[in-house]
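Participant: Here you go, one structure.
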């Protein structure tokens, strides 16, 4: 028996060393593990933001007065807006049609008079509704500026503010209301889905293409040895990519990390096993790198993007779609990551989702093991 | 291990069938094959591409399962315990299964680890293998940087790190230069003699059959015959002759002999025509070439290929294709159609083609003979105007390719390696596409398509997707596509690689007829015997021209008392050795 084990270890060592040498000589695996996450994080981190900042806004002041100028200056001081002044509403509307501005704030000629008399000082607000999400944000921001200004006016003029309710907002978990802080953890989950599945699928497809898989299969290797030898190096590489991603998120983008590294490492390991399992599964039928890459992207990356709750709230999806999200490993991982980054070790979230990841890892690796045959058919 | 396994044959195959699904069709790869391979000898799996050789190899290696039937290796049922067999056999797939980004040494280490070779035995084993393969000076080189012949030997060394009882080699000699091929055979002979190893060797080269102790002759998923190749050849004794006629050209002789009564096969060999008769009776000049003067008939030694042709002819009724695709051009003077002077092509540091010069005259069949990597394809691409030359002059059909590549291309018909056809398009759609590419349209295009369907007997297949055609028909279609615009010059890149001998004969009949009608033909091949079909040829190795001339003259230089009938391969090897000796002296 012991001689069998020694041979097993010898074979495994041979395969691992080969894999290591290949990774060192052909940098494409390293590129997928480290470069791809870094590029995606930088792209998304700098390019994608669900916040509205520097929104171009048209200000139409029909009768320039000190009060109107004071109100308008509120917009100029706000980080959310980049106001441009227009003499009349028609010019502003034309600018909106040309999408030069996203919204119009219209101070009619009687604005000052109404405001001075403590009556309802009406302003006209027009928002470009083409991008509904953005429109709602802009609307909210304008309202905030408006309320703030009314409040300030009230203390100056002695008139109470003409707003029925005193709004006080406090944002939990993301006090800076930075969508980046919220997006980054989800993004890491998304990227690791792609990396994990793509790494194994491509590397095995390459062996099929070069005909080396056929040669391996004719040796006394057992299929579990081939799978194990593929799993270990790319698990290590994937964990390295994960560490790099977290480092970028925390140190470059300043995303807070409230939870413990230990939980992060454990859940990442489970998640990576699940995605590597998906990659192995893909590689059992995709025998060239092009097909393997296509399948990996469409069957892992896209579901993770749409169904993980990273951008779209799972709770507001139709029931049938919600059921589907349960087989997307990223769903569990994104939930854990968002909790770890924004809130801390919230066990009611971490425990069930970690169990979910464990089940996913077992399912994908198990299926790959069952389907993989040491044969070409 | 059961006691009976010691006495069992190395490989036993019992009515094995295997088919594959290809889209909606079921393709039969092996049709109830039964055969046995004896221990300690080389058994050759001989047959053209698509015969089922690779499928059979994979079944024996346990990489595929049979649909029905039983495969036993060393008395063990491979379907039940593949690992038990795989521990005792070694398999070298096509393309050798090497990791190209690993060095020679690292490849050996990997396979030694996988095969469980103890570290204490490795040094000795490696030394032996490296010596045997001549790879000792290159242990640190990456496998991807080795030449084709060296890769083949490294692949073999990797499969031999743990001496197997059964060695499976899937087409190890395809495209490899003749020197490496000969060296490989020496290694195999050594292994069977000293280590009593059983070797299964698949090949599409019929001349390799004669080196095997036994052959399984395969064709279109069936086993045509099995046994000692000498028996196959002996069966043909007294039936082969060489015919010469002073008054007639060799192509005319062959044309007439092919349809003469009692003649089974007629092929051009050097300046003579070699024929095989239906029966072992000496033919008379009057019977063969009535009306011709000065006919000499001499007996010739039978070859293995003759028996294959006889078996194929017995299977399918004798069928002679129309030999003359109507004269394409008439009344043009003979001139230098292709002129190549001091042609050189570099890729960075690497010189793929090194200062070559040759000239091809109108109506000539001119061969570029060499192994993979000799620079044939690069030369071809430059001649077609697809790749600019680094230096030198290139004229095709009177056009300088540097200044007028497009008009020159209009005069050229090009048949690419592997028959570059659109697999999803039908035969007729392929013809229409390729003729449109040469600006044929309207009535003229329809007339040419009808001509192609009739001339190449593709009418019955006109709506079949070209990927579903048998290999021989694919070859016909590819040739038809290249001829749609009636080119003056025809370029053929490895045109008969892997097709069966009948398809190859038929193909050359058409090419001969084209040449007779004035078309200039340039053909590349790594198939040494194919050189016989050429009027003149050049031999290329490592980007250089080693020799130019008639096949007959190149062989004649070697003729001596101990080598009365040198083959083209002998000539090739002698030239390479001469070149090596010269470069060493310099």
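Residue numbers (our numbering), protein chains in the order written: chain A, 8 to 384; chain B, 57 to 642.
Yeah, the Cβ is synthetic: ideal placement off N, Cα and C, and Gly gets one too.
Between residue 208 (chain B) and chain A, is any beta-carbon pair separated by less than 8 Å?
Facilitator: No, residue 208 (chain B) lies away from the interface with chain A (no Cβ there is under 8 Å from its Cβ).
Participant: May I have a chain-ordered list of the alpha helix (DSSP H) segments no shorter than 4 residues that lie completely inside the region 196 to 244 of chain B?
Facilitator: If we require 4 residues or more, the alpha helix (DSSP H) runs fully inside the region 196 to 244 of chain B come out as 204 to 215.
Participant: Please classify residue 396 (chain B) as buried or exposed, where buried requires at least 16 other C-beta atoms within 10 Å of its C-beta.
Facilitator: Result: buried.
Participant: Using only the alpha-carbon positions, how far apart do residue 221 (chain A) and residue 585 (chain B) sit?
Facilitator: Those two C-alpha atoms are separated by around 32 Å.
Participant: For residue 93 (chain A), write down the residues that DSSP places opposite it in a beta bridge.
Facilitator: Residue 93 (chain A) is bridged to A:67.
Participant: Name the two residues that bound the continuous beta strand (DSSP E) containing residue 469 (chain B).
Facilitator: It spans 468 to 471 - the beta strand (DSSP E) in which residue 469 (chain B) sits, taken as one unbroken run.
Participant: Who are the near neighbours of residue 224 (chain A) in its chain, counting only those whose CB is closer than 6 Å to its CB and skipping five residues on each side?
Facilitator: The answer, listed in chain order, is 381.
Participant: List the residues of chain A whose Cβ lies closer than 9 Å to the Cβ of residue 128 (chain B), in chain order.
Facilitator: Chain A residues near residue 128 (chain B): none, gap ~17 Å exceeds 9 Å.
Participant: Cα separation between residue 100 (chain B) and residue 264 (chain B)?
Facilitator: Approximately 8 Å between the Cα atoms of the pair.
Participant: For residue 180 (chain B), verify whether its CB is less than 7 Å away from any heavy atom of the ligand MG.
Facilitator: Absence of the ligand MG is noted for the structure shown, with no ligands found whatsoever.
Participant: Identify each residue in the region 225 to 239 of chain A for which the Cβ-Cβ distance to at least one residue of chain B is less than 8 Å, and report them in chain order.
Facilitator: Per Cβ criterion, the list reads 225, 226, 227, 228 and 229.
Participant: Helix or strand or just coil, what does DSSP make of residue 175 (chain B)?
Facilitator: Reduced to three states, the DSSP call for residue 175 (chain B) is helix.
Participant: Which of the three DSSP states, helix, strand or coil, is assigned to residue 369 (chain B)?
Facilitator: Helix at residue 369 (chain B).
Participant: Within its chain, find whatever has a CB closer than 6 Å to the CB of residue 349 (chain B); leave out the 5 residues flanking it on each side and keep chain order.
Facilitator: Excluding residues within five positions, the ones whose Cβ falls inside 6 Å are 303.
Participant: Under 7 Å Cβ-Cβ, which residues of chain B neighbour residue 383 (chain A)?
Facilitator: Per Cβ cutoff of 7 Å: 114, 119 and 120.
Participant: For the alpha helix (DSSP H) containing residue 299 (chain A), list its first residue and its last residue.
Facilitator: Element bounds for residue 299 (chain A): 296 to 303.
Participant: Quick check on the burial criterion: 16 or more other C-beta atoms within 10 angstroms. Buried or exposed for residue 437 (chain B)?
Facilitator: Flag for residue 437 (chain B) reads buried.
Participant: Quick one: grab the DSSP three-state call for residue 278 (chain B).
Facilitator: Three-state DSSP puts residue 278 (chain B) in a strand.
Participant: For a contact meaning CB atoms closer than 7 Å, what does residue 32 (chain A) contact in chain B?
Facilitator: What residue 32 (chain A) touches in chain B: 157.
Participant: Between residue 43 (chain A) and residue 30 (chain A), what straight-line distance do the alpha-carbon atoms span, to the nearest angstrom?
Facilitator: Distance between the alpha carbons of residue 43 (chain A) and residue 30 (chain A): 15 Å.
Participant: Please list, in chain order, all residues of the same chain as residue 298 (chain A) whose beta carbon is under 8 Å from its beta carbon, the five residues on each side excluded.
Facilitator: Once the five neighbours on either side are set aside, the close Cβ partners of residue 298 (chain A) are 212.
Participant: Kindly identify the DSSP beta-bridge partner or partners of residue 127 (chain B).
Facilitator: Looking at the DSSP assignment, residue 127 (chain B) forms a beta bridge with B:69.
Participant: Ignoring anything shorter than 3 residues, give me the beta strand (DSSP E) runs that lie fully in the region 437 to 504 of chain B, in order along the chain.
Facilitator: Entirely contained in the region 437 to 504 of chain B, the beta strand (DSSP E) runs reaching 3 residues are, in chain order, 447 to 452 and 468 to 471.
Participant: Residue 26 (chain A) touches chain B at which residues, Cβ-Cβ below 9 Å?
Facilitator: Chain B residues near residue 26 (chain A): none, gap ~10 Å exceeds 9 Å.
Participant: Just to check my reading of the structure: residue 281 (chain A) and residue 228 (chain A) have Cβ atoms closer than 8 Å, yes? What is that Cβ distance to the nearest angstrom?
Facilitator: About 25 Å; that fails the 8 Å criterion.
Participant: Can you tell me whether residue 555 (chain B) is helix, strand or coil according to DSSP?
Facilitator: DSSP places residue 555 (chain B) in coil when its eight states are reduced to three.
Participant: Under 8 Å Cβ-Cβ, which residues of chain A neighbour residue 169 (chain B)?
Facilitator: Here the neighbours are 17, 18, 20, 21, 22 and 24.
Participant: Strictly below 9 Å CB to CB, what residues from chain A border residue 138 (chain B)?
Facilitator: Simply 381 and 382.
Participant: Check whether the Cβ of residue 351 (chain A) lies closer than 8 Å to any Cβ atom in chain B.
Facilitator: No, because no Cβ of chain B sits closer than 8 Å to the Cβ of residue 351 (chain A).
Participant: Kindly indicate which three-state DSSP category residue 254 (chain B) falls into: helix, strand or coil?
Facilitator: If DSSP states are grouped into helix, strand and coil, residue 254 (chain B) belongs with the strands.
Participant: Under 8 Å, with one C-beta from each stretch per pair, do the region 12 to 24 of chain A and the region 165 to 181 of chain B reach the 3-pair mark?
Facilitator: A contact exists between the region 12 to 24 of chain A and the region 165 to 181 of chain B.
Participant: Taking 8 Å as the cut-off, does the region 219 to 239 of chain B touch the region 628 to 639 of chain B (at least 3 CB pairs, one atom from each stretch)?
Facilitator: Touching, yes, given that three or more Cβ pairs across the two stretches are closer than 8 Å.
Participant: Roughly how many angstroms separate the alpha carbons of residue 473 (chain B) and residue 197 (chain A), rounded to a whole number?
Facilitator: The alpha-carbon atoms of residue 473 (chain B) and residue 197 (chain A) are separated by roughly 44 Å.
Participant: Only counting the same chain, and skipping five residues up and downstream in sequence, which positions put a Cβ closer than 8 Å to that of residue 7 (chain B)?
Facilitator: The structure shown has nothing for residue 7 (chain B), since chain B only spans 57 to 642.
Participant: So residue 112 (chain A) packs on residue 149 (chain A), CB below 8 Å; how close in whole Å?
Facilitator: That pair is a contact at about 6 Å.
Participant: The region 222 to 248 of chain B: which residues have C-beta closer than 7 Å to a C-beta of chain A, in chain order?
Facilitator: Those would be none; no residue qualifies.
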